[in-house]
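All remarks here apply to the structure that follows.
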Amino acid sequence: EKKRLYGDCTVIYTTGSELGFDYLRNNLITNIEEKRKQDYYYAIADEIDSLFIDECTNPLIISQRAQGENVISPAEYQLATKLANSLIEKKDYKVDKKENDVWLTAKGIKKSEKFWQLDNLFSFRNHRYNFLLHNALKAKHFYHKDIEYIVDQEEQKLVLIDALTGRLVPNRVYSSGIHQAIESKENLPVSTKSKTIATITYQNFFRLFDKLSGMTGTAKSEAEEFRQVYGMEVITIPPYRKLIRKDRNDLIFWDKENKYKAIIKLIKKNSQTKKRPILIGSPSVEISEYLSSLLVKEKIFHYKLNAVNHQQEAEIVAQAGQLGAITISTNMAGRGTDIVLSEESRKAGGLLVIGVERNTARRIDNQLRGRSGRQGDPGESRFYVSLEDELIKNFGVKEQVGKIFSQKQLKELFRRPLSGKIFNYLISEPQETLRNVQASNRQYHLNYDLLINRQRQFIYNYRNKLLGTDDLAKMIKKKNKKAKGEIVPIEQEYLKARLVKEIDNFWSEYLESLNRIRTLVNARVYLPQEPQEAFF
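For what it's worth, this note's numbering labels the leading residue of the sequence shown as 64, then goes sequentially.
Printed below as a string of structure tokens:
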């Protein structure tokens with residue numbers, strides 16, 4: 064069916080992941096008759112920033128169950144979790160929340176070597192212990208229940224939450240041993256780490272196309288990256304109908320408690336007066352559940368849409384534009400969701416969007432705002448922010464403000480929420496810093512993958528040449544002058560299949576080795592040489 068599709072159709076409508084996996088699968092075939100003709104002339108990507116920016120460092124991976132003596136056992140993951148829990152932050156290791164990484168101190172290294180009974184944690188022969196501990200610490204600090212994943216107690220397994228859409232992705236797992244480290248942290252059965260047999264990033268896959276284009280409402284801020292990585296210019300097209308939505312300045316509170324009180328107060332007031340439909344955008348399942356509990360206490364009827372409670376999504380979205388409707392949602396009601404207003408709701412002022420926290424990227428904030436005021440409808444948006452929010456807390460803004468003002472001055476300053484352009488830097492600076500860090504990380508990943516991409520192209524071209532030859536003996540003799548004899552036709556196809564399987568096995572082992580080296584080489588952050596220089 065796929066072969067006929069690619070052979071007969073001029074235009075194919077599909078997802079980026081399906082197209083990428085088809086490319087990988089097409090380069091794993093063992094019989095030339097199974098080979099599909101795949102030409103990459105022109106691609107048009109909808110919501111292009113989601114695919115080319117947000118998802119670009121998530122590699123497409125085809126894997127199989129790992130076997131052999133190098134497979135890490137569940138007991139080893141559990142020991143690493145035990146060690147990670149015994150280490151003390153700042154004393155034994157440091158956490159870089161901007162870069163999402165952890166580094167052992169000299170004391171932490173000594174403790175780890177004593178725990179594992181090693182002479183040198185960073186010796187290549189001890190790479191598995193370094194790998195295990197590094198992942199256990201990352202699982203502890205950067206992967207949180209009801210934010211990055213949920214625990215399915217019935218199935219006793221992790222289910223990941225897509226950070227961009229807020230949806231569950233049951234078939235997705237974290238790579239590089241992170242998934243197993245989280246399972247160990249949550250006291251779940253530790254699954255066997257899979258072995259990568261083929262992989263490619265969206266960055267390199269879409270660079271196979273002769274011409275790329277796409278559309279989205281939130282690409283302008285990433286124009287430079289589109290130009291540098293994909294050779295694409297970002298062009299802004301004015302809306303068909305004039306935007307009349309009112310985007311209010313953020314309200315900035317000292318702490319979360321006062322922020323949530325203000326949100327509940329606004330909702331209660333609206334319920335008693337205009338009864339405008341309200342969409343409350345939450346960054347995580349955890350926060351959406353907490354907000355829901357506050358509304359339940361106030362006996363305010365509302366709809367809740369998140370990764371845990373997603374079965375009635377269509378019905379909830381259909382009701383969200385009705386007069387007086389209150390909907391709490393994660394990013395599930397963000398990009399692409401069309402909330403249709405009733406005539407009564409339009410007259411009441413349209414949809415009011417309340418952002419509970421600023422997201423890590425301003426583009427995601429704009430996607431939430433964009434649920435209101437669509438196609439010339441009236442609407443309003445505002446973000447409620449506190450100095451205890453995750454984004455701002457990671458940059459120590461509250462501590463910095465506390466150093467500038469006395470307690471008396473702070474009390475007076477935050478007697479009412481701060482608002483206005485003069486205070487916007489409290490949010491815009493962390494967001495801009497994080498945007499630059501994320502862009503740098505994407506370039507970092509691309510540099511690694513460009514090396515692998517050149518080698519991948521060589522391997523795939525050689526595979527195709529091997530499968531397509533009519534004279535395997537001649538090809539072997541060309542590579543090995545000592546080879547003698549002929550191959551009878553009946554054996555040729557069998558030998559071809561065996562040879563490409565061996566190539567695939569060696570390529571898979573090479574990918575695993577590169578991944579281990581890449582993990583280990585980051586320890587060189589303490590040395591004058593850049594980690595990437597050491598890797599290359």
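From the three backbone atoms N, C-alpha and C, an ideal C-beta is built for every residue, glycine too.
Distances from the alpha-carbon of VAL500 to those of GLU554, PHE468, GLU285 put GLU285 closest. For ASP85, the enclosing alpha helix (DSSP H) starts and ends at 79–89. Distance check between ILE241 and each of ILE427, LYS201, LEU223 places LYS201 closest, using alpha-carbon atoms only. For ASP159, the beta-bridge partners assigned by DSSP are ASP164. When PHE446, TYR212, ARG128, LEU181 are compared, the shortest CA-CA separation from ILE224 is found for TYR212.
With 16 or more other Cβ atoms from the protein chains shown falling within 10 Å of its own Cβ, ILE111 counts as buried. Where LYS274 is concerned, the enclosing beta strand (DSSP E) starts and stops at 274–278.
Distance from PHE468 to PHE316 at the Cβ level is roughly 15 Å; contact not present, criterion being Cβ atoms closer than 8 Å. Residues of the same chain with a CB within less than 7 Å of the CB of LEU271, apart from the 5 flanking positions on each side, are TYR103 in chain order. Under the criterion of beta carbons closer than 8 Å, VAL448 and ARG421 qualify as touching, at roughly 6 Å.
Using a Cβ distance threshold of 9 Å, ILE125 and ILE260 count as a contacting pair.
In the structure shown, the three-state DSSP call for ILE263 is strand.
Taking all protein chains in view, the Cβ of VAL563 is crowded by 16 or more other Cβ atoms within 10 Å, so the residue is classified as buried. In its own chain, leaving out the 5 sequence neighbours on each side, no residue places its CB closer than 8 Å to the CB of GLU96. Residue burial is scored here from C-beta neighbours: PRO346 has at least 16 other C-beta atoms within 10 angstroms and is therefore classed as buried. ALA106: member of the beta strand (DSSP E) spanning 105–109, first to last residue. In this structure, the beta-carbon distance from GLY83 to ILE298 does not fall below 9 Å. Nearest to GLU572 by C-alpha distance, out of ASP318, LEU184, LYS258, SER175, is LYS258.
CYS119 sits buried, since 16 or more C-beta atoms from the chains shown fall within 10 Å of its C-beta.
Counting only the Cα atoms, TYR206 lies some 29 Å from THR279. Contact holds between the stretch 446–463 and the stretch 310–327, because three or more Cβ pairs, one in each stretch, are under 8 Å apart. Here DSSP, grouped into helix, strand and coil, assigns THR390 to strand.
For LEU530, the CB contacts under 8 Å within the same chain, skipping 5 residues up- and downstream, are ILE92, THR93, ASN94, ILE95, LYS98, LYS559, VAL563 in chain order. For TYR303, there is no enclosing beta strand (DSSP E), since its DSSP letter is neither H nor E.
The three-state reading of DSSP puts SER113 in helix, counting H, G and I together.
Counting C-beta pairs with one atom in each stretch, the stretch 335–346 and the stretch 410–421 have three or more that are closer than 8 Å, which means they touch. By the C-beta criterion, the stretch 404–415 is judged to be in contact with the stretch 334–341, since at least 3 inter-stretch pairs fall below 8 Å.
Separation of the CB atoms of THR400 and VAL416 is rounded to 11 Å, and the pair is thereby denied contact status at 8 Å.
The distance from the Cβ of LEU404 to that of GLY384 is about 4 Å, consistent with a contact at the 8 Å cut-off.
As the crow flies, the alpha-carbon of ASP159 is around 6 Å from that of VAL165.
Here the C-alpha atom of LEU454 lies approximately 28 Å from the C-alpha atom of ASN250.
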